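Heads up: the structure comes next, in structure tokens.
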Amino acid sequence: MLDVLAREYPETPSLLSHRSPFELLIGVILSAQTTDEQVNAVLPALFSRYPGPPELAAAVPAEVEKIIHSVGFFRRKALNIIGAAAHVRDVQGGTIPATMDELVRIPGVGRKSAGVILLHVYDKPAIIVDTHFGRVVRRLGYSDVRDPVRLERDVAAILPPELWNSASMRLNYHGRRYCFARKPACGNCPVAALCPSAGTSG
DNA sequence: ATCCCGAGGG
DNA sequence: CCCTCTGGAT
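Quick note: the first sequence uses the working numbering, first residue 177, plus one each step.
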């Protein structure tokens with residue numbers, strides 16, 4: 177059934193996907209725990225003031241905090257994006273790395289953000305396990321673990337790599353639209369009839 | 001008032 | 001495992 181969901185759900189275009197690799201990296205870091213709309217609202221001012229890694233790496237944190245204040249977590253995010261700019265400049269020669277291992281060494285980039293970069297910058301197959309994706313997979317009965325690495329292994333054993341990206345995007349979309357953590361909208365869910373957890377809110 | 005999300009640190 | 005950090009949703 178995971179492959180059915182991966183194939184038949186609507187595309188959910190990322191508001192960040194048309195930007196340069198550097199801009200996408202910074203946007204992804206700012207997107208943690210926030211909406212793409214909130215992030216997009218601050219990016220023009222941010223990139224106008226700090227067009228690339230050298231400028232952002234040299235930024236004064238308090239100045240960055242003012243610009244990104246509305247995205248939340250602004251203190252750590254300001255330090256993270258400045259640190260990320262310094263990291264790609266000093267460790268990666270100014271380019272955004274293309275592997276999970278390298279990406280997660282960038283300040284503010286965890287496995288979820290790294291997966292988004294692999295998908296949107298490099299078109300690499302990636303299973304992007306965020307809490308929405310994991311919750312849908314567990315409720316459908318395809319995994320029973322919380323650990324993202326082990327849950328990713330369970331999904332990789334079921335889905336061929338050519339479906340990983342669409343499954344990531346569409347199961348995330350499904351989780352956000354119907355499969356709520358607290359009170360899932362099973363009455364509106366298109367696969368409730370096939371879901372072992374339908375109506376149980378478990 | 002409480003929960004929800006991702007990253008990072010203890 | 002535990003917890004913090006913001007803002008938005010309920």
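Backbone N, C-alpha and C define an ideal beta-carbon position, used for all residues, glycine too.
As the structure is a prediction and not an experimental result, all values here were calculated from the model.
Sub-8 Å separation of residue i and residue j beta-carbons
i: L377; j: K359; result: Note that residue 377 corresponds to Ser in the displayed sequence, not to Leu. The answer is yes: Cβ separation under 8 Å.
i: G291; j: S344; result: yes
i: I334; j: Y318; result: yes
i: V305; j: E338; result: no
i: K288; j: L294; result: no
i: I257; j: L219; result: no
i: Y349; j: N364; result: no
i: R265; j: P237; result: no
i: A208; j: I243; result: no
DSSP three-state assignment for residue i, whether helix, strand or coil
i: F249; result: coil
i: D330; result: helix
i: T307; result: helix
i: F223; result: helix
i: I282; result: coil
i: N348; result: helix
i: L335; result: coil
i: G270; result: coil
i: S377; result: coil
i: S342; result: helix
i: D299; result: coil
Residue i versus residue j - alpha carbon distance
i: D277; j: V325; result: 13 Å
i: P366; j: W340; result: 21 Å
i: V247; j: F356; result: 23 Å
i: L210; j: P372; result: According to the sequence displayed, residue 210 carries Thr and not Leu. Cα to Cα, T210 sits roughly 31 Å from P372.
i: D212; j: R281; result: 23 Å
i: G351; j: A274; result: 27 Å
i: F223; j: E239; result: 13 Å
Residue i Cβ short of 7 Å to the ligand GTP heavy atom set
i: D320; result: Within the structure as shown, the ligand GTP is missing, as the structure has no ligands at all.
Would you call the segment 266-276 and the segment 240-255 in contact, with 3 or more CB pairs under 8 Å?
Below 8 Å, too few C-beta pairs join the segment 266-276 and the segment 240-255 to call them touching: fewer than three.
Report yes or no: do three or more beta-carbon pairs, one from the segment 255-265 and one from the segment 202-214, lie closer than 8 Å?
The answer is yes - the segment 202-214 touches the segment 255-265, with three or more Cβ pairs under 8 Å.
Does the segment 298-314 come within contact of the segment 230-240, defined as at least 3 CB pairs closer than 8 Å?
no
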